[in-house]
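Asks: Pasting a structure here, questions to come.
Numbering (our numbering), first residue to last: 158 to 873.
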């Protein structure tokens, strides 16, 4: 067998087999044995190739299967890690394949497999919107679907879902065939949105009802938000403010100041609090404003938030309070002078009387000292009464008692009380009735007399030459009034002085107190009293031209009251009691219960001097013991003069116990409080009479005689 040269070439399996077949045909042509051998080899090679190819195919399939399994595992992990619940909706069959995540979100054992059942889980209010979105994807209007709707949980609660889907397959005519998407539970964010909306609504309601102006501006100073209070300030609606700047709403100088504070707040980043006077639609007002920076989520300043409060009235009230406080301080300084001056005279002349008779020049000087002490004591009492009256009025404790009284008699009694002062200064003092006048009026005669005496005393005090006239007239209006005009020829007042005239603790001029004395309370008290009596008070004056004070009081009902047409129609004034009335003897046994040693000596001296037999005790407990002892010894007391403020047992409780024991002795109450309600309190516990300290001799003896003269059953 001849030798041949073989060439070996490697290629792809298919090409190799083709080459072998071609070579075989060329080399074995005409040699059957070789052909058989070659065919065997070729078949073996073919089988080997097929086996190898199958092995590779199996390995490749296994590799691809493993990769697919890994991808599915990764996808499952991703789906487990995400909050989304994917689904696949075949729109032809209406079949929905949903992720098990839906079971977790909604709590159902299984999810509906058809779209119509799926729709049943959607909230009725959201169903139409969701269905519309699906139909738009179905007909080709949109490829993407995004919707928010509520789905019902198994427990009946509603879960907010965010649905995001895409149409992934369509028929040739464009109709949707397959919709794939995922749902996300957005309930927490929806609740947050609801809470935010609720909080915003609450904040808006608060700002809308606030009396303070609330606003928000952008960096250019344009208003982004304003409340009705700001709208009222600028005289526009809220809608007319939005988008406007300060320059369009306020005066130029005010707007410049506002923009400057905006700039300072924006640059510093710190809140600012300041006061600014602004001209508004209602005039010039003072505002207390607070501004702070408005920032975005990144902390960048994007504007200003502010609140402005109108403090005009507060500032005015504060200024008035400060002025009143200054007036009170000045008043206290004046009172120090007013009190210390008479006290100096009282104490000084008391020391003089305490000297040996040899050093006192004469009885006349002693009487002068006594008169000085009495006069200054009365002055101090007047100061105390003024302060008490004002305190009672301001506390609402002052009351008026309306009784019928004679009109002209009321005026003449007031004139009689001040006539000595007028004559002492060489002034004339006249009554000028303007008829017709009602013969009587229904009012509080004590308070009217107090007002008239106050006005007349002031007129006399500030008049050096000429005189004082009081004119009385009747005003027959819907509510009849009696008018009293006190006209003087004194120093007069300016307009500024008249403005301060009726303020408490204030006189027309601070120097007035130093020149003329006085508390500065009289006119304030008079003004308050005439208001309580249904009238008012006015003043007209000019410097150097005198003054006219006009006070009115309501007359009360006048049905059946005679009108006086001339001065002769008025009844004569009752005669004054004889000067020695207080000298009448007190033939009685009197118990004095008083804890003050000085008052014990003074009151017992007056009573004994009037002829009474007096026993003195220092408190209510001793008073009860003395009354019981007197009853047992058959020497009962005819009258008890009881101080109501005593140690151990006060007069109120002592009197109450007397009545509880059946003792019926008249009790005359003494109190130093002299406040509204004291008299009623004393009478309520069983006292028969009431006196406020200090008590002069005549008043004390008159009260004792009045009680002793009453018929009263006694029981011991």
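C-beta atoms are modelled at their ideal positions from N, C-alpha and C, and glycine is treated no differently.
#1: From what residue to what residue does the beta strand (DSSP E) around residue 607 run?
#2: Express the C-alpha separation of residue 845 and residue 863 in angstroms, rounding to a whole number.
#3: Residues in the same chain with beta-carbon distance under 8 Å from residue 593, minus the five sequence neighbours each way, listed in chain order, please.
#4: With DSSP as the reference, label residue 358 as helix, strand or coil.
#5: Looking at the secondary structure, which residues open and close the beta strand (DSSP E) in which residue 382 lies?
#6: Reducing DSSP to helix, strand and coil, say where residue 862 ends up.
#7: In angstroms, rounded to a whole number, what distance separates the CA positions of residue 865 and residue 613?
#8: Can you tell me whether residue 696 is buried or exposed, with buried defined as 16 or more other CB within 10 angstroms of its CB?
#9: Could you give the distance in angstroms between the alpha-carbon of residue 401 and the alpha-carbon of residue 395?
#10: In this structure, what does DSSP give as the bridge partners for residue 594?
#11: Give me, in chain order, the residues of the same chain whose beta-carbon lies closer than 7 Å to that of residue 530; leave out the 5 immediate sequence neighbours on both sides.
#12: First and last residue of the alpha helix (DSSP H) that includes residue 572?
#13: Residues in its own chain within less than 7 Å of residue 526 by CB, not counting five upstream and five downstream?
#14: So, is residue 731 buried or exposed, given that buried needs 16 or more other C-beta atoms within 10 angstroms?
#15: Mind checking whether residue 256 and residue 369 have CB atoms under 8 Å apart?
#16: What whole-angstrom Cβ distance do residue 499 and residue 533 have, given they're in contact under 8 Å?
#17: Taking only the alpha-carbon atoms, compute the straight-line gap between residue 779 and residue 770 and give it to the nearest angstrom.
#18: Quick check on DSSP: helix, strand or coil for residue 844?
#19: Any idea which residues DSSP pairs residue 772 with across the strands?
#20: Within a Cβ cutoff of 7 Å, which residues of the same chain sit near residue 814, ignoring the five residues on either side of it in sequence?
#21: Rounded to whole angstroms, what is the Cα-Cα separation between residue 645 and residue 483?
#22: Is it the case that the stretch 677–689 contacts the stretch 646–655, given that we only count it when at least three CB pairs across the two stretches are under 8 Å?
#23: Pull the bridge partners of residue 374 from the DSSP assignment, please.
#24: Can you grab the Cα-Cα spacing for the pair residue 755 / residue 650, in whole Å?
#25: Any chance the stretch 279–290 sits against the stretch 248–267, with 3 or more Cβ pairs inside 8 Å?
#26: Count the C-beta pairs between the stretch 355–370 and the stretch 269–283 that are closer than 8 Å, then say yes if the count reaches three, no if not.
#27: Quick check: the stretch 762–776 against the stretch 816–826, are there 3 or more CB pairs under 8 Å?
#28: Residues in its own chain within less than 6 Å of residue 847 by CB, not counting five upstream and five downstream?
#29: If you draw a straight line from the alpha carbon of residue 275 to that of residue 310, how long is it in whole angstroms?
#30: Buried or exposed, going by whether 16 or more other CB atoms sit within 10 Å of the CB of residue 595?
Replies: According to the data block:
#1: Where residue 607 is concerned, there is no enclosing beta strand (DSSP E), although the alpha helix (DSSP H) it sits in stretches over 602–618.
#2: 10 Å
#3: 631, 720, 721 and 722
#4: helix
#5: 380–383
#6: helix
#7: 38 Å
#8: buried
#9: 10 Å
#10: 721
#11: 503, 506 and 507
#12: 564–581
#13: 506, 509 and 510
#14: Confidence at residue 731 is low in this model, with a pLDDT of 45, below 50, so its placement is unreliable and the value that follows should be read with caution. Exposed, by the Cβ-count rule.
#15: no
#16: 3 Å
#17: 18 Å
#18: coil
#19: 748
#20: 781
#21: 30 Å
#22: no
#23: 380 and 461
#24: 45 Å
#25: no
#26: no
#27: no
#28: 826, 836 and 839
#29: 12 Å
#30: buried
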